[in-house]
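This report concerns only the one structure given below.
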Amino acid sequence: MSQDLKEAALEYHAKPRPGKLSVEITKPTQTSRDLSLAYSPGVAEPVREIAKDPENAYKYTGKGNLVAVISDGTAILGLGNLGPLASKPVMEGKGVLFKRFAGIDVFDIEVNSESPQAFIETVERIADTFGGINLEDIKAPECFEIERALIEKCSIPIFHDDQHGTAIVTAAGMLNALELQGKKIEDARVVCLGAGAAAIACMKLLVSCGIRSENIFMLDRKGVIHAGRDDLNQYKAMFANETDARTLDDAIEGADVFLGLSGPDLFTVEQLMKMAPKPIVFACSNPDPEIQPELALAARDDLIMATGRSDYPNQVNNVLGFPFIFRGALDVRASTINEEMKVAAVKAICDLAKQPVPKEICEAYGVDSFEFGPQYIIPKPMDVRLLEFVPAAVAQAAVDSGVARFPYPAHYPLKSLDDIK
1117 MSQDLKEAAL EYHAKPRPGK LSVEITKPTQ TSRDLSLAYS PGVAEPVREI AKDPENAYKY
1177 TGKGNLVAVI SDGTAILGLG NLGPLASKPV MEGKGVLFKR FAGIDVFDIE VNSESPQAFI
1237 ETVERIADTF GGINLEDIKA PECFEIERAL IEKCSIPIFH DDQHGTAIVT AAGMLNALEL
1297 QGKKIEDARV VCLGAGAAAI ACMKLLVSCG IRSENIFMLD RKGVIHAGRD DLNQYKAMFA
1357 NETDARTLDD AIEGADVFLG LSGPDLFTVE QLMKMAPKPI VFACSNPDPE IQPELALAAR
1417 DDLIMATGRS DYPNQVNNVL GFPFIFRGAL DVRASTINEE MKVAAVKAIC DLAKQPVPKE
1477 ICEAYGVDSF EFGPQYIIPK PMDVRLLEFV PAAVAQAAVD SGVARFPYPA HYPLKSLDDI
1537 K
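Quick note on this note's numbering: the sequence shown kicks off at 1117 and runs consecutively.
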């Protein structure tokens, strides 16, 4: 990041008012009567109704459109464990994206917890306040246990975006890339460099989408995760295959797909050249990818490539997923975000990339057109049609899979934020 950009970022967050979020009043408060309805004595009536039936909280309060973005600050972006308070700008930023793209209100909550169990207990105790909870920037492997426990204990959607948001957008781009390269998903050989929360979630979701687990070769800092290792936690062990491959050089030979969720410059041109014809490379380390796109594309003209950066084509960006996934889940009062809903989101994002792109979206990116192909395998973050495609698919999957407590909304599919009710 340049010095100019660093200074601009600090000024953006500090002026004219510190932070990025505020609370707004949604009802009239101009008269004495307004205030008597807003608070005492009028507020007693919805209190009584909610006491009779907790579901009335969705009718009389903002619960149904309110998400908590919660972190313990143990894995902030690529900066590491800097503590909960340091995570607050990121959590506020996540709130901005929820509101900007899906009209969802957010409280950011930073938890100073001495253990995963303390974090779980804290979140469980406050969960009834919200319609859903987005977990963020929590290190692995603790994040897996935290999410699992909270899903069991809470009756609202719990979603760790670093896992599932990344997985959903990655899977959408991957399925479209495989289609363009003429490769069958069930035959694709995938190498994943990285074995953290995002990597494991990506592989699990790709299996749900049709990749065969025996065709996945995952690597951590010690090399290939194989059946002969005795140092694997339960999450890595799911991807321990019988294989003689021990290094990235071994695993990448003849691979169709390379997915990097690791660190900068860890994938070489020489390794790229070992891949099968028409390879797919997702180098998602951010801001510096596992291999620079200029190097990769110069070496292989049959390559489809994606990164986590906005200044290259095919950006794998979580904002394509989480605001719209929560929108669909909230609007049918889903009790969870299950695998069916995640796969539905993947397919919706896939399908949108194949639709003609309206002129105004192209103009927002300063180009004449976008067409489905090697340079455009996933929609752009500013594509307003995401609000139309993804929530509708997620809501329908929630209804079909039996986790919705409210019918599919009559006002779906959404055309704009003005349609949100």
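Built from N, CA and C at the ideal position, the CB exists for glycine as well.
As the structure is a prediction and not an experimental result, all values here were calculated from the model.
- In this structure residue 1377 is buried. Its beta-carbon is surrounded by 16 or more other beta-carbon atoms within 10 angstroms.
- Counting every other CB atom within 10 Å of its CB across the protein chains shown gives residue 1483 a total below 16, marking it as exposed.
- Between the stretch 1448 to 1456 and the stretch 1421 to 1428, the count of C-beta pairs closer than 8 Å stays below three; the two stretches do not touch.
- Residue 1352 and residue 1175 have their C-alpha atoms roughly 43 Å apart.
- Excluding the 5 residues flanking it on each side, residue 1182 has same chain C-beta neighbours closer than 6 Å at 1221, 1246, 1247, in chain order.
- For residue 1466, there is no enclosing beta strand (DSSP E); the residue is part of the alpha helix (DSSP H) that begins and ends at 1455 to 1469.
- Where residue 1334 is concerned, the enclosing beta strand (DSSP E) starts and stops at 1332 to 1336.
- In the DSSP assignment, residue 1276 falls within the beta strand (DSSP E) that extends over 1274 to 1276.
- Segment contact: the stretch 1267 to 1286 against the stretch 1309 to 1326, three or more CB-CB distances shorter than 8 Å; contact assigned.
- 1439 is the residue among 1439, 1368, 1130 whose C-alpha sits nearest the C-alpha of residue 1504.
- Shown here, residue 1528 sits in coil according to DSSP, grouped into three states, outside any helix or strand.
- According to the DSSP assignment, residue 1262 belongs to the alpha helix (DSSP H) that extends over 1258 to 1269.
- By the Cβ neighbour-count rule, residue 1251 is buried, with 16 or more other Cβ atoms within 10 Å of its own.
- Contact between residue 1193 and residue 1212 fails: their C-beta atoms lie close to 15 Å from each other, not under 8 Å.
- Membership of residue 1444 in the alpha helix (DSSP H) is indicated by the continuous run 1438 to 1447.
- For the 8 Å CB-CB criterion, residue 1362 and residue 1339 form a contact.
- Per the C-alpha coordinates, the member of 1488, 1446, 1119 positioned closest to residue 1219 is 1446.
- Residues 1401, 1404 of the same chain have their beta carbon placed closer than 6 Å to that of residue 1380, with the five preceding and five following residues left out of the count.
- Judged by their CB atoms, residue 1520 and residue 1514 are nearer to each other than the 8 Å cut-off.
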